[in-house]
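303 is the number that the numbering used here gives to position 285 of the sequence shown; each next residue is one higher, with no gaps.
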Amino acid sequence: MTESHPDPVPAERTGGSARPDLLQVEHLQVHFPIRGKGLFARQRGQVRAVDDVSFAVRRGETLGLVGESGSGKTTVGRAILRAVPVTAGRVRFRGDQGEVDLLGLEGESLRRFRKHMQLIFQDPYASLNPRMTVRDIIAEPLEAGAQKMAKSEIDDRVRETARRCRLNLEHLRRFPHAFSGGQRQRIGIARALVSSPEFVVCDESVSALDVSIQADILNLLMDLQEELHTTYLFIAHDLSVVAQISTRVAVMYVGKLMELAPTDALFSRPAHPYTNALFSAIPHLDPTQAFEPLRLTGEIPNPASPPPGCRFQTRCPFAEDRCRNEEPAWREVGPDHLVACHFAERLDFTRRP
Ligand SMILES: Nc1ncnc2c1ncn2[C@@H]1O[C@H](COP(=O)(O)OP(=O)(O)O)[C@@H](O)[C@H]1O
Ligand code: SF4
Ligand SMILES: [Mg+2]
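Here you go:
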């Protein structure tokens with residue numbers, strides 16, 4: 019574990035708008051072994067998919083997590099949901115049940131806890147079982163839950179959740195192939211929310227949909243959050259999508275966080291060159307924007323052998339010797355605004371380097 023990440027910034031230090039933390043992720047690492055061919059092949063290295071990441075998710079907020087494909091976003095979400103083995107770190111969940119050490123849960127206690135955190139899948143086509151009715155798909159988390167519920171109670175919960183997700187109750191008896199992409203994603207959302215989870219990971223949940231349907235689904239997610247007080251970790255590779263729904267945005271690159279700030283601050287004053295470069299992918303940027311997006315060139319480094327020093331140094335137009343030798347600390351540069359760049363205060367994005 020490196021020294022560069024201090025403990026996450028406590029809520030009381032993050033300005034008046036701070037809400038209490040629901041989730042605290044501390045020094046999270048997920049390393050996947052790379053093995054040679056054959057049954058007894060030795061490990062040849064490791065993919066450092068998540069490499070010392072610390073952040074908090076506040077109750078009732080949407081924390082966006084953005085970065086190019088392969089930066090480790092999905093692995094962060096899956097680690098919190100206990101869907102991949104975690105190499106090191108700690109995840110504390112401070113929900114209605116009191117404080118729970120998520121990575122310490124095993125067996126029956128983990129199974130019981132699962133209803134408090136759910137995942138909305140990326141691809142509504144692939145994630146729904148074609149042989150199950152919509153009713154059974156939505157009911158599954160309740161039927162798989164640790165506590166037995168009566169069928170009538172399950173039916174009531176399914177109908178109420180379907181209604182909230184603007185699904186036609188007539189459709190509960192049908193099979194998922196009969197529905198459009200947007201409707202299928204509503205079914206996926208209903209399944210995720212039926213157990214009243216406090217925390218939901220949305221992983222590229224609108225990325226496979228047409229732009230107009232994306233807006234519908236984002237609005238639905240926001241309305242449901244207001245009604246149910248759910249907390250979201252919203253993962254996407256597209257910064258403009260993340261900005262539409264997120265209270266704050268975290269930017270990830272090759273297994274590490276580069277920047278984390280309230281959405282407004284990130285859009286008006288990005289402090290990290292990588293964040294700035296992500297703006298170049300937004301086609302219709304506000305013409306009054308005070309900075310010029312950097313053009314991102316070159317390949318994203320392999321997380322099995324990340325570059326020394328700053329992970330962005332191989333693509334950063336501002337890189338100096340220090341960037342190649344010393345890993346930047348994760349530090350506060352403004353109210354509630356964290357960044358990992360040696361020179362964040364003095365970089366001028368209004369002029370090209
Ligand atoms: N189960 C796995 N085994 C080995 N490598 C993996 C596994 N899952 C993800 N990776 C690798 O970890 C890195 C991060 O992947 P991922 O978390 O899916 O990134 P993102 O969601 O940002 O696209 C990638 O290099 C990916 O190939
Ligand atoms: S630390 Fe150096 S290489 Fe990394 S983002 Fe900052 S200026 Fe660029
Ligand atoms: Mg992903």
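Just so it is clear, CB atoms sit at the ideal spot from N, CA and C, and this is done for glycine as well.
Pro325 lies in the beta strand (DSSP E); which residues open and close that run?
Per DSSP, Pro325 lies in no beta strand (DSSP E) segment and is marked neither H nor E.
Quick check on the burial criterion: 16 or more other C-beta atoms within 10 angstroms. Buried or exposed for Asp228?
Result: exposed.
So is the beta-carbon of Glu338 under 8 Å away from any non-hydrogen atom of ligand 2?
Yes, Cβ of Glu338 sits closer than 8 Å to a heavy atom of ligand 2.
With the cut-off set at 9 Å, would you say Gly125 and Val272 are in Cβ contact?
No.
Less than 7 Å between C-beta atoms, sequence neighbours within five positions excluded: which residues of the same chain meet that for Pro376?
Absent from the structure is residue 376, since the part of the chain shown begins at 19 and ends at 371.
Excluding the five sequence neighbours on either side, which residues of its own chain have a C-beta within less than 6 Å of the C-beta of Glu363, listed in chain order?
In its chain, beyond the 5 residues on either side, no residue has a beta carbon closer than 6 Å to the beta carbon of Glu363.
I want to check one thing, is the minimum distance from the CB of Asp69 to the heavy atoms of ligand 3 below 8 Å?
No - ligand 3 has no heavy atom lying nearer than 8 Å to the Cβ of Asp69.
For the putative contact between Val259 and Tyr292, defined by C-beta atoms under 8 Å, what is the C-beta separation to the nearest angstrom?
With 8 Å as the limit, Val259 and Tyr292 do not qualify as a contact, their Cβ atoms being about 18 Å apart.
Whole-angstrom distance between Gln42 and Leu275, CA atom to CA atom
Between Leu275 and Gln42, the C-alpha separation is close to 15 Å.
Within 10 angstroms of the Cβ of Gln61, are there 16 or more other Cβ atoms? Answer buried if so, exposed if not.
Taking a 10 Å sphere around the C-beta of Gln61, we find fewer than 16 other C-beta atoms and assign the residue as exposed.
Rounded C-alpha distance that separates Phe73 from Gly199
Take the alpha-carbon of Phe73 and the one of Gly199: they are about 33 Å apart.
Can you tell which of Tyr250, Glu344, Gln140 and Pro321 has its C-alpha closest to the C-alpha of Gln47?
It is Pro321.
Judging by CA-CA distance, which residue of Phe285, Ser323, Val94 and Ala299 is the nearest neighbour of Thr306?
Here the closest residue by C-alpha is Phe285.
Given Asp114 as reference, the closest of Asp173, Ala101 and Thr249 once Cα atoms are compared
For Asp114, the nearest C-alpha among the options comes from Thr249.
Exposed or buried, what is Thr315 when buried is set at 16 or more other beta-carbons lying within 10 Å of its beta-carbon?
So Thr315 counts as exposed.
Which ranges does the beta strand (DSSP E) cover as unbroken runs of at least 3 residues, wholly within the region 335-363, from first to last along the chain?
Counting only runs of 3 or more, we get 349-352 and 355-357.
Who are Pro51's beta bridge partners in DSSP?
Answer is Gln64, bridged to Pro51.
Sort Phe336, Gln136, Pro103 and Cys341 by Cα distance to Pro215 and report the nearest one.
Taking each of Phe336, Gln136, Pro103 and Cys341 in turn and checking the Cα distance to Pro215, the smallest one comes out for Gln136.
Nearest by alpha-carbon distance to Cys154: which of Arg132, Leu123, Pro194 and Arg96 is it?
At residue 154 the sequence reads Asp, which differs from the Cys that was named. Checking every option, the nearest Cα to that of Asp154 belongs to Pro194.
Figure out for me which residue from Met240, Arg349, Ala261 and Ser298 has the closest Cα to the Cα of Glu277.
When only C-alpha atoms are compared, the closest one is Arg349.
List the residues that DSSP assigns as beta-bridge partners of Met270.
Under DSSP, Met270 shares a beta bridge with Leu275.
How about Gly273: is its Cβ closer than 8 Å to a heavy atom in ligand 1?
Gly273 has its Cβ nearer than 8 Å to a heavy atom of ligand 1.
Hey, quick one: how far does the alpha helix (DSSP H) through Gln232 stretch, first residue to last?
Per DSSP, Gln232 belongs to the alpha helix (DSSP H) from Val229 to Leu246.
With a cut-off of 7 Å, give the chain-ordered residues whose Cβ is closer than this to any heavy atom of ligand 3.
Those residues, listed in chain order, are Ser87, Lys91, Thr92, Asp221, Glu222 and Ile253.
Hey, is Cys183's beta-carbon within less than 9 Å of any beta-carbon in chain E?
Of the protein chains in this structure there is only one, and it is not chain E.
Pick out whichever of Arg112, Val71, Val351 and Ala144 has its Cα sitting closest to the Cα of Gly95.
Considering only alpha carbons, the answer is Val71.
Other residues of its chain near Met378: CB distance less than 6 Å, five sequence neighbours each side excluded:
Because the chain in this structure spans residues 19 to 371, residue 378 falls outside the shown range and cannot be described.
Rounded C-alpha distance that separates Glu338 from Gly122
A straight line joining the alpha-carbon of Glu338 with that of Gly122 spans about 42 Å.
Where Pro159 falls: helix, strand or coil (DSSP):
If DSSP states are grouped into helix, strand and coil, Pro159 belongs with the helices.
Selected residue, minimal CA-CA separation from Leu312, among Ala261, Leu356 and Phe367
For the residues Ala261, Leu356 and Phe367, the minimum Cα distance to Leu312 belongs to Phe367.
If you scan the region 85-170 from start to end, which runs of the alpha helix (DSSP H) of 4 or more residues do you find wholly inside it?
Entirely contained in the region 85-170, the alpha helix (DSSP H) runs reaching 4 residues are, in chain order, 91-98, 125-131, 142-145 and 152-161.
Distance, Cys334 Cα to Glu317 Cα
One Cα belongs to Glu317, the other to Cys334, and the distance between them is close to 12 Å.
Closer than 8 Å by C-beta to Arg202: which residues in its own chain qualify, once you throw out the five before and the five after it? Chain order, please.
Its chain contains Pro142, Tyr143, Leu146 and Pro194 as the residues whose beta carbon lies nearer than 8 Å to that of Arg202, once the 5 sequence neighbours on both sides are disregarded; these appear in chain order.
So, Ser225 versus Ala254, is the Cβ gap smaller than 9 Å?
Using a Cβ distance threshold of 9 Å, Ser225 and Ala254 count as a contacting pair.
State the Cα-Cα distance for the pair Ile235 and Glu345, rounded to the nearest angstrom.
Between Ile235 and Glu345, the C-alpha separation is close to 39 Å.
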